[in-house]
Each structure stands twice: as structure tokens, then as C-alpha cells.
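Novice: Numbering (this note's numbering), first residue to last: 2 to 140.
Idealized CB from N, CA, C, for every residue including glycine.
Because the structure is a prediction, the values reported are computed rather than measured.
The structure follows.
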């Protein structure tokens, strides 16, 4: 850009498949999830607590904590909590397995859309934890 001439930023066109989330039929409500006061070492059999936050649409609704052991494991519901008026929840689950353990929170909300009942499903991003076996103390 020559001196004395202002540079004008150019907008790059959005990709064709970058439609708004609502246009794809997926809900906009996000669930944020994190481990609450996690110990330095997570061992099998210990209880982990997860703190989360949702948007207003899920206030008063139940959220379910699910756990998966390893990449190829299946999701199992291990806990549930109710979202409070401040859009927060605290839920816990017992750790099983060794190695990579994944956690997520799911929620459902029934709404009326065009005169029909529709169930919207919400899922948080996965949170991964590394689990070790508790070593026997040698005396």
C-alpha cells in the first residue's frame, strides 16, 4: 500500500457449506463442561465431579453425565443433575477402567415446532482424563 493510502480489508467469502447452525437443524444451545477440583492423579474407583454451564434454554432441565472408556468403548450414563437458575450444574461419576476415559454431558428439551412436538438434543464437547491403577503401598 502506497504511503498516504489507507488499506481496505477485503472480506473472504464464506464456504458454501457454512450455513448458520439453526439452518442445519442443530440447536444453538451450548453446554460447557470441565472437571471440578480434579486430583493430581485420577485412579480407578475414585469419584470425579464436573462443573458445567448451559444457556437459558436448559434452566431447570436434567443433564446426564456419560462416560466412555477408551476410543472404542460405548457411552454409559453414570450420573445426572438439574440445571439451576444460574444455568449451572454439578454432576459426579465414578471412574472405571485404566487409560483414556472420556466424559460428556447430554440434555433433552421438548418443544413445539410448527404444531408438532420435537425433542432437541444437546451434547457438550468431550472431556478426556488419564486414569491410572492405584499402586499398592509397600511397607
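My assumption, with CB atoms under 8 Å, is that residue 80 sits in contact with residue 94. Please give the rounded CB distance.
Specialist: 4 Å
Novice: Below 8 Å, how does it come out for the segment 105 to 122 and the segment 61 to 71: are there three or more Cβ pairs, yes or no?
Specialist: yes
Novice: Could you give the DSSP three-state label for residue 41: helix, strand or coil?
Specialist: coil
Novice: Taking just the CA atoms, how far does residue 122 sit from residue 51?
Specialist: 20 Å
Novice: When DSSP labels each residue in this structure, what does residue 31 get in the three-state scheme?
Specialist: coil
Novice: Once DSSP output is grouped into helix, strand and coil, what is the label at residue 96?
Specialist: coil
Novice: What residues match up with residue 65 in a beta bridge as DSSP calls it?
Specialist: 81 and 107
Novice: Which of the three DSSP states is assigned to residue 134 in this structure?
Specialist: coil
Novice: How big is the Cα-Cα spacing for residue 49 and residue 126?
Specialist: 17 Å
Novice: Sorted by chain position, which residues of the same chain lie with C-beta nearer than 6 Å to residue 92's C-beta, five sequence neighbours on each side aside?
Specialist: 51, 66, 80 and 82
Novice: State the CB to CB distance for the pair residue 68 and residue 104, rounded to an integer number of angstroms; the pair is presumed to be in contact (CB under 8 Å).
Specialist: 6 Å
Novice: Would you mind stating whether residue 101 and residue 70 have Cβ atoms separated by less than 9 Å?
Specialist: Yes, these two residues count as a Cβ contact at 9 Å.
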